[in-house]
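Residue numbers (this note's numbering), protein chains in the order written: chain A, 1 to 277; chain B, 278 to 700. All C-beta atoms, glycine included, are put in the ideal place defined by N, C-alpha and C. Model, not experiment: these values are computed from the prediction. This report concerns only the one structure given below.
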């Protein structure tokens, strides 16, 4: 129903809040903040697997060449020095269906890694990118463990975790991220989140595919159009909710404190057996 | 009591062989560490895919032991059980060295431990379980050290007054006599006892809370199905109980055996009483493990990790170390030895539990990381990772940490008043 209207309840409420706020404050600051949210879109049905995005990423971010990359067209994995990978992926049910998947940080709306970092080295910028402060990272790798997509990888030489920054330093200068700028077939697109989301939804509907990142992990700022539903492609994806919510953390700790209280109680009861001595 | 420095076989060649082999292992670990700094950390990590490995599992092992030791020893000094005061000082001393070597283990795992100390204070993230764990354990270390000082102060002063030269100066320094004089605090045995109880209670509270958040570090990671849930915070607290008993019983018996001293009737009775509770805790642990396996099989994502233990590359260590050596056999040995009053049986069981738990921690840390939630490769993780066995360099470093812990314990037995009857 919301689809037909072209606006979700959340967007409507958000818009209402922004409008009323700007009316009362009489400034456009809030409006700007709302409209400056960016997103990256990958259409896996358009991707030709040339891996120019990978090399552009390496060049712009000055990343080292990994050993695995010395062989061309070999399946690669994300590392501390490879923030983007493009892999030929097969539909597990229909092995003849092949497509290229451009895989990098999903830039979650509510990133689990941010809540996990003990020293607040990870932040979500208002423009959308989730970035790691490399001067602050202590190298505990808890962000990697809490990320539903195992994105932040440990750089063994720098001893910190590193990942895609959505080229936030380029966004500041109004330039597309390096990977998007390098794509020869417009399989990667970049723009304001609202516009990108609208475009992605239309395209997904047209090809009968699936839009990854619309709801996964609470909605992400990197969207991927898949040729079919993830289950049909044999992919296990993040749940359609915010991962590692604070209330959930409190719930789990609560059970632990309950256990600690029970143990202390049992110790007290046991200690009463000593009274006669 | 100060004759502890002279009694026993501490002057025998076996003692020097023991000390020098421990130092040799530490040197080997030092070599591995220096190489990891000179080349890069890659030689230390066995796989890029499993990034929390032996250093983390060893940390968990030591820290669980420390909390358990704090719990067992607090039965005497905090809860006022007279008979448990016999093992109080040894327990607290072991709790201190296990937490310190556990922290060393995690410090070596961190990319930048120096930043951890700075930014933990400057920019704390109270949403992070690791922050809570680090902070609470810092409090715990401080409290447990103060507790140990109160427990041993009077005896340290006595050793100082009975010795001469440098030895006297060192022991006098340990009693903080001059500092206390300046503050105007006049120590007495009664005051020590009272303050040890208060600080011990604080140590217990901070230890249990810190331990809960250690369970939370794993339990809160929704992205790792095998760890996720309230199970691990609870199980960690339980396993702290049996690890604490294993350490204290094992260390007490082995120290008496090696020094060739007779175990008093009172201590003997206590050891068998502890052995019974130890067996009980192990049985509850077995129930927990059964619950983990059966409930996990109903969750499709968790079941994949559980199957690695039941019928996969981890089944051998799981059945042999976690189930047989770590739980089932020790229960029977403990029950049999308490009935027959066999000290050697209790010692065997406690060593078996420690070995079993050590392997179990490794499995626990690694198993959860085999399957990512999302697998864009469409490939099975088992195909990518050839072996889950740690690298040689990693083993060197961990062996060095264990050797360091044993070396400090040996020196502690030699120079500190840990003896049971001396209280």
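According to DSSP, residues forming a beta bridge with residue i
i, result
"residue 190(A)", "40(A)"
"residue 114(A)", "The partner list for residue 114(A) (beta bridge, DSSP) is empty, contrary to what the question assumes."
"residue 86(A)", "102(A)"
"residue 635(B)", "Looking at the DSSP assignment, residue 635(B) forms no beta bridge with any residue, so it has no partner."
"residue 225(A)", "43(A) and 211(A)"
"residue 108(A)", "220(A)"
"residue 155(A)", "160(A)"
"residue 130(A)", "124(A)"
Backbone secondary structure at residue i - three-state DSSP
i, result
"residue 21(A)", "Unreliable placement is indicated for residue 21(A), whose pLDDT of 45 sits below 50; no coordinate value is reported for it."
"residue 574(B)", "coil"
"residue 124(A)", "strand"
"residue 76(A)", "coil"
"residue 31(A)", "Any reading at residue 31(A) must be qualified, since the residue scores a pLDDT of 44, below 50, and its modelled position is unreliable; no value is offered."
"residue 688(B)", "helix"
"residue 26(A)", "Residue placement at residue 26(A) is flagged as unreliable, the pLDDT there being 42, under the threshold of 50; the coordinate-derived value follows with that caveat. In this structure, residue 26(A) counts as coil in the three-state DSSP scheme."
"residue 694(B)", "coil"
"residue 610(B)", "helix"
"residue 176(A)", "coil"
"residue 2(A)", "Residue confidence is low: residue 2(A) scores 38 on pLDDT, short of 50, so the model does not pin down where it sits. No coordinate-derived value is stated."
"residue 339(B)", "helix"
"residue 358(B)", "coil"
"residue 200(A)", "helix"
"residue 380(B)", "helix"
"residue 81(A)", "coil"
"residue 541(B)", "coil"
"residue 279(A)", "Nothing about residue 279(A) can be read from this structure; chain A reaches only from 1 to 277."
"residue 465(B)", "coil"
"residue 136(A)", "coil"
"residue 59(A)", "helix"
"residue 64(A)", "coil"
"residue 184(A)", "coil"
"residue 629(B)", "helix"
"residue 289(B)", "coil"
"residue 144(A)", "helix"
"residue 167(A)", "coil"
"residue 149(A)", "coil"
Beta-carbon gap between residue i and residue j smaller than 9 Å
i, j, result
"residue 130(A)", "residue 108(A)", "yes"
"residue 54(A)", "residue 179(A)", "yes"
"residue 310(B)", "residue 385(B)", "yes"
"residue 484(B)", "residue 382(B)", "no"
"residue 603(B)", "residue 558(B)", "no"
"residue 78(A)", "residue 153(A)", "yes"
"residue 192(A)", "residue 200(A)", "no"
"residue 675(B)", "residue 335(B)", "yes"
"residue 458(B)", "residue 354(B)", "no"
"residue 478(B)", "residue 421(B)", "no"
"residue 91(A)", "residue 101(A)", "no"
"residue 737(B)", "residue 516(B)", "Given that chain B is displayed from residue 278 to residue 700, the structure contains no residue 737(B) and the question cannot be resolved."
"residue 128(A)", "residue 244(A)", "no"
"residue 490(B)", "residue 410(B)", "yes"
"residue 147(A)", "residue 112(A)", "yes"
"residue 328(B)", "residue 144(A)", "yes"
"residue 166(A)", "residue 46(A)", "no"
"residue 393(B)", "residue 678(B)", "no"
Check: residue i C-beta below 8 Å from any heavy atom of the ligand GDP
i, result
"residue 529(B)", "The ligand content of the structure shown is nil, which means the ligand GDP is not present either."
Positions along the segment 131-150 of chain A whose CB lies within less than 9 Å of some CB in chain B: 135, 136, 137, 138, 139, 140, 141, 142, 144, 145, 146, 147, 148, 149 and 150
Secondary structure, alpha helix (DSSP H): runs of 4+ residues fully inside the segment 382-462 of chain B: 390-399, 406-438, 442-451 and 454-460
Chain B contacts made by the segment 102-118 of chain A, where a contact means CB separation under 7 Å: 103, 112, 115, 116, 117 and 118
Against chain A: residues of the segment 483-496 of chain B by CB proximity under 8 Å: 485, 486, 488, 489, 490, 492, 493, 494 and 496
Residues within the segment 211-243 of chain A neighbouring chain B, beta-carbon criterion of under 7 Å: 234, 235, 236, 237, 238 and 243
Segments of 4+ residues assigned as alpha helix (DSSP H) that fall wholly inside the segment 237-274 of chain A: 246-271
Selection of the segment 354-368 of chain B by Cβ proximity to chain A, strictly under 9 Å: 355, 356, 357, 358, 359, 360 and 361
Members of the segment 249-261 of chain A near chain B, C-beta cut-off 7 Å: 249, 252, 253, 255, 256, 257, 259 and 260
Interface positions of the segment 154-174 of chain A facing chain B (Cβ-Cβ less than 7 Å), listed along the chain: 154, 156, 157, 159 and 160
The segment 518-537 of chain B: positions lying closer than 9 Å to chain A by Cβ: 518
Members of the segment 328-358 of chain B that neighbour chain A once the beta carbon cut-off is set at 8 Å: 328, 329, 348, 351, 352, 356, 357 and 358
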